[in-house]
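So the structure is just underneath, and the comments pick up after that.
Number of protein chains: 2
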Amino acid sequence: MAPPTETLTAERILEATEEVLRRHGPAKATVVDVARALGVSHGSVYRHFRTKAALREAVTKRWLDRTSEKLAVIVAGDGTPEDRLRAWLAALFEAKRHKAGDDPELFATYTVLTDESGTAVGEHLADLTSQLTRIIQDGVTAGAFTAPDPAATARAVFQATGRFHDPGYAREWQQPGVEEEFTAVVDLLLRGLLT
Amino acid sequence: MAPPTETLTAERILEATEEVLRRHGPAKATVVDVARALGVSHGSVYRHFRTKAALREAVTKRWLDRTSEKLAVIVAGDGTPEDRLRAWLAALFEAKRHKAGDDPELFATYTVLTDESGTAVGEHLADLTSQLTRIIQDGVTAGAFTAPDPAATARAVFQATGRFHDPGYAREWQQPGVEEEFTAVVDLLLRGLLT
DNA sequence: GGACTGACAGATATTGAAATCTGTCAGCTG
DNA sequence: CAGCTGACAGATTTCAATATCTGTCAGTCC
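Those sequence lines, one after another, are chains A and B. For reference, each letter of the first sequence is one residue, going 1 to 195 in UniProt numbering. For reference, each letter of the second sequence is one residue, going 1 to 195 in UniProt numbering.
Right under this line is the structure:
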């Protein structure tokens, strides 16, 4: 299928794995399938990834990092802390909701992957709350927010909005009225945050 | 096993079903098992419940209603709205956490039941948010809370605290630091609610 | 000699036949 | 005759055999 003459890199294997996962789903995607898609033997794949689990986790990490990077742009933006906080939460919700609604099967695939991923998800969540902490810290410094412990507050905000980013709730993101519910929660949290 | 001479009532069937579920788990609990525990034929069970699903849902409803009733006592209590809101949320969290930690298998069983239950869970959630609405409405009337739409605010509070009552998060309720996280979220929400 | 292959052992998944379960109902029983 | 039984058909689950996959490694090929 793919040009078998290029050198085999971790990157090419990850791309092929994404494609195989997209086609076959998480239950039926095998290392043999990935190798076949690349025109190599499956032994070669094991030269770059110690186990199938490690390969899947690397794919997961790439996928999660793409979201982190988009959100980092908002953190570094130049609006007021309130604006950036609202924009950040809305962007996170919108990104997830779009993925879940646009291609439910692929989203389900990645939900399975994140569930089995040991550390990748934990690191991703730590990364996101650290971004949130930055925004809240900025707000405190500017005198717009009250938060004795910005990191703890960031965790609280992240957890309180869980219903709008946790994949477990994906089914409800398509129902009418979610927008309003999201706004209600964010408004309530911001009222608690603003001085 | 059970006295086969008493008259067969829906209530006795529900008790036997709970016991069978506790013993065998949700996957292996059959209507035949329930009938055997009662010393009757399985046809008799179908005289009181149209289907196995209806029987399971009735058991689920009973279980959920027990929680609702405990919380209703707090709603009707005589503390300040803030105290009652804090107590209500803490009681909900504590009840769930206790059940999940005390007998994880039974909790897993009921998690499966609630997942398959069509309307019982929806009604339970509606009941809980209606209790919350009552407390918040009281707070608004007393001038302690600001909430243009108490019902919408109740939903927001309920959803924002989902991590501390949604069974999907049960695993994390046992980890150290959850208490603090719960307090952080509730404090933030109350700051947003108080005038 | 560094990258790759392919045969292999043990682990995991698939399959289809046999067993069990659900829901019905004609008939028994007290 | 109201409540219960147990045999039954179709649906679902179990189980064991069969097939496939994972991870290794001695050997091949530039």
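Glycine included, C-beta positions come from ideal geometry on N, C-alpha and C.
Through-space distance from residue 180 (chain A) to residue 106 (chain B), alpha-carbon basis:
Near 36 Å, if we compare the C-alpha coordinates of residue 180 (chain A) and residue 106 (chain B).
Ignore the nearest five residues each way along the sequence and tell me which others in residue 6 (chain A)'s own chain have a CB closer than 6 Å to its CB.
Excluding positions up to five away in sequence, the list is empty.
Using the Cα positions of residue 88 (chain B) and residue 48 (chain A), report the straight-line distance between them to the nearest angstrom.
Between residue 88 (chain B) and residue 48 (chain A), the C-alpha separation is close to 53 Å.
Positions along the stretch 161 to 184 of chain B whose CB lies within less than 7 Å of some CB in chain A
Within the stretch 161 to 184 of chain B, the qualifying residues are 162, 163, 168, 181, 184.
Check whether the Cβ of residue 188 (chain A) lies closer than 7 Å to any Cβ atom in chain B.
For residue 188 (chain A), at least one C-beta of chain B is nearer than 7 Å to its own C-beta.
Residue 31 (chain B) and residue 45 (chain B) closer than 7 Å at C-beta
At the C-beta level, residue 31 (chain B) and residue 45 (chain B) come within 7 Å of one another.
My output table needs one value for residue 194 (chain B): the three-state DSSP class, helix, strand or coil.
Three-state DSSP puts residue 194 (chain B) in a strand.
C-alpha gap between residue 79 (chain A) and residue 124 (chain B), whole angstroms
Spanning the two alpha carbons is a distance of roughly 42 Å.
Just list the alpha helix (DSSP H) runs in the stretch 150 to 178 of chain B, keeping only unbroken ones of 4 residues or longer that don't cross its boundaries, in chain order.
The qualifying runs are 150 to 160.
Would you list the residues sitting across from residue 145 (chain A) in a DSSP beta bridge?
Residue 145 (chain A) is bridged to A:194.
Closest to residue 186 (chain A) by CA distance: which of A:103, A:174, A:154, A:117 is it?
Among A:103, A:174, A:154, A:117, the Cα nearest to that of residue 186 (chain A) is on A:154.
Since residue 132 (chain A) and residue 192 (chain B) should fall inside the 8 Å C-beta cutoff, what is the C-beta to C-beta distance between them, to a whole number of angstroms?
So it is not a contact: roughly 17 Å between Cβ atoms.
I'd like to know whether the C-beta atoms of residue 18 (chain A) and residue 59 (chain A) end up nearer to each other than 7 Å.
Contact: yes.
is_contact[residue 108 (chain B), chain A] using C-beta, thresh 7 Å
Not flagged as an interface residue toward chain A: residue 108 (chain B), since no C-beta distance is shorter than 7 Å.
Round the Cβ separation of residue 173 (chain A) and residue 97 (chain A) to the nearest angstrom and send it over; I've been treating them as touching at under 8 Å.
About 4 Å separates the two Cβ atoms, so the contact holds.
Could you please give the first and the last residue of the uninterrupted alpha helix (DSSP H) stretch that includes residue 19 (chain A)?
Segment 10 to 28, the alpha helix (DSSP H) holding residue 19 (chain A).
Distance, residue 100 (chain B) Cα to residue 118 (chain B) Cα
Between residue 118 (chain B) and residue 100 (chain B), the C-alpha separation is close to 22 Å.
By DSSP, does residue 129 (chain A) sit in helix, in strand, or in coil?
Helix, per DSSP.
Can you find a CB in chain B that lies within less than 7 Å of the CB of residue 191 (chain A)?
For residue 191 (chain A), a Cβ of chain B is located within less than 7 Å of the residue's own Cβ.
Give the residues of chain A in contact with residue 155 (chain B), contact being defined as C-beta atoms less than 8 Å apart.
Those are 181, 184, listed as they occur along chain A.
Beta-carbon contacts of residue 14 (chain B) that lie in its chain and below 7 Å, excluding the five residues immediately before and after
The beta carbon of residue 14 (chain B) sits closer than 7 Å to the beta carbons of 58, 59, 62 from its chain, once the five residues preceding and following it are set aside; these are given in chain order.
If you compare alpha carbons, which of B:129, B:16, B:85 is closest to residue 39 (chain B)?
Checking every option, the nearest Cα to that of residue 39 (chain B) belongs to B:16.
To the nearest angstrom, how far is it from the Cα of residue 151 (chain B) to the Cα of residue 56 (chain A)?
Near 44 Å, if we compare the C-alpha coordinates of residue 56 (chain A) and residue 151 (chain B).
Among B:27, B:70, B:22, whose alpha-carbon lies nearest the alpha-carbon of residue 37 (chain B)?
Measuring from the Cα of residue 37 (chain B), the nearest candidate turns out to be B:22.
With DSSP as the reference, label residue 76 (chain B) as helix, strand or coil.
Look at residue 76 (chain B) here: in three-state DSSP terms it is coil, with no helix or strand label.
Give the residues from the stretch 115 to 136 of chain A that approach chain B closer than 9 Å (Cβ to any Cβ), ordered along the chain.
Against chain B - using a Cβ distance shorter than 9 Å - the stretch 115 to 136 of chain A contributes no residues.
CB contact check: residue 144 (chain B) to chain A, cutoff 7 Å:
Answer no: the Cβ-Cβ gap between residue 144 (chain B) and chain A never drops below 7 Å.
Among A:108, A:28, A:128, A:24, which one has its Cα closest to the Cα of residue 71 (chain A)?
Among A:108, A:28, A:128, A:24, the Cα nearest to that of residue 71 (chain A) belongs to A:128.
So, is the C-beta of residue 152 (chain A) closer than 7 Å to a C-beta in chain B?
By this cut-off, residue 152 (chain A) is an interface position.
Note down the Cα distance separating residue 165 (chain B) from residue 93 (chain B), rounded to an integer number of angstroms.
Taking the Cα positions, residue 165 (chain B) is about 5 Å away from residue 93 (chain B).
Complete runs of the alpha helix (DSSP H) confined to the stretch 37 to 118 of chain A [at least 4 residues]:
Fully enclosed alpha helix (DSSP H) runs of 4 or longer: 42 to 48, 52 to 75, 81 to 102, 104 to 116.
Please tell me whether residue 84 (chain B) and residue 77 (chain B) are closer than 7 Å, where the distance is taken between their beta carbons.
Against a cut-off of 7 Å, the Cβ pair of residue 77 (chain B) and residue 84 (chain B) comes out as a contact.
Other residues of its chain near residue 24 (chain A): CB distance less than 7 Å, five sequence neighbours each side excluded
Non-local C-beta neighbours of residue 24 (chain A) in its own chain, meaning closer than 7 Å and more than five positions away in sequence, comprise 33, ordered along the chain.
Put residue 180 (chain A) into one of helix, strand or coil per three-state DSSP.
Of the three classes helix, strand and coil, the one that applies to residue 180 (chain A) here is helix, per DSSP.
For a test of your reading of the model: does the CB of residue 193 (chain A) fall under 6 Å from any non-hydrogen atom of the ligand NAD? Yes or no.
Ligands displayed in this structure: none; no statement on the ligand NAD is therefore possible.
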